[in-house]
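Each number in this note's numbering comes from the position in the sequence shown (counting from 1) with 50 added on. Beta carbons are placed, not taken as given, at the ideal position from N, Cα and C, and that holds for glycine.
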Amino acid sequence: EAFEDAVGAIVHDQEAAGMDIISDGRVYGGDSPYGQILYHYTERMTGYKQSGSPIGLPIYYTLFAPSCVGEVRREAPFHLANLRATRKATKKPVKISYVGIQVLAAATSTTRRRASSPWPSPRPSTRTSRSSRTTAATSSRSTSLSGP
51 EAFEDAVGAI
61 VHDQEAAGMD
71 IISDGRVYGG
81 DSPYGQILYH
91 YTERMTGYKQ
101 SGSPIGLPIY
111 YTLFAPSCVG
121 EVRREAPFHL
131 ANLRATRKAT
141 KKPVKISYVG
151 IQVLAAATST
161 TRRRASSPWP
171 SPRPSTRTSR
181 SSRTTAATSS
191 RSTSLSGP
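So, in structure tokens, the structure goes:
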């Protein structure tokens, strides 16, 4: 009920300001103002444990990186409650604002896998840096332009 009241108050303020499209206000996430960045997702999926090391960015110093400890599956909707509460509070078009799951992927730590693990090991990176690609492209251009 408190969640719906909070969303309703945010919706009311947006309508009073003349907004055409109403946002949910991102009031999910628990006690931490940044909790919705990571924990909102891991609380709704299997395969994660909240036991990683602190995230190494000053703005997130209170958060711990989730550890991926098994197969990841979604167990519950991510933002359905937000959508329902927002739609209940307005007849106008709505949008749900959320942090992309790529933030979770970037912050996740993994446990060491045993050789018999059913999960594949991470592949070594085959990416090259932008500067090496630029150098290679410049070299091939100058070679092709040099002629016989």
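Simplified DSSP assignment, three categories, for F128: coil
Run through the DSSP bridge pairs and tell me what Y98 is partnered with. C118
Can you tell me whether DSSP reads R206 as helix, strand or coil? Residue 206 lies beyond the range of the chain shown here (51 to 198); nothing can be said about it.
Within its chain, find whatever has a CB closer than 7 angstroms to the CB of A139; leave out the 5 residues flanking it on each side and keep chain order. Excluding residues within five positions, the ones whose Cβ falls inside 7 angstroms are V57, G58 and V61.
Buried or exposed: G106, going by 16 or more other Cβ atoms within 10 Å of its Cβ? exposed
Is the separation between the beta-carbon of G102 and that of S117 shorter than 7 angstroms? yes
Which whole-angstrom value describes the C-beta separation of D70 and K142, a residue pair presumed to lie in contact below a C-beta threshold of 8 angstroms? 7 angstroms
Going by Cα to Cα distance, which pick from Y111, L113 and S159 is closest to G120? For G120, the closest C-alpha among the options Y111, L113 and S159 is that of S159.
Classify T136 as buried or exposed, calling it buried when 16 or more other Cβ atoms lie within 10 Å of its own Cβ. Within a 10 Å sphere around the beta-carbon of T136 sit 16 or more other beta-carbons, which makes this residue buried.
Same chain, Cβ closer than 8 angstroms to R94, five either side skipped, listed in chain order: R124, E125, A126, P127 and F128
Does the Cβ of G75 have 16 or more other Cβ atoms within 10 Å, making it buried, or fewer, making it exposed? With 16 or more Cβ atoms within 10 Å of its Cβ, G75 is classed as buried.
Rounded straight-line distance, which links the Cα of H90 to that of Y78: 8 angstroms
The alpha helix (DSSP H) with E51 in it runs from where to where? Unbroken run through E51: none, as it is neither H nor E.
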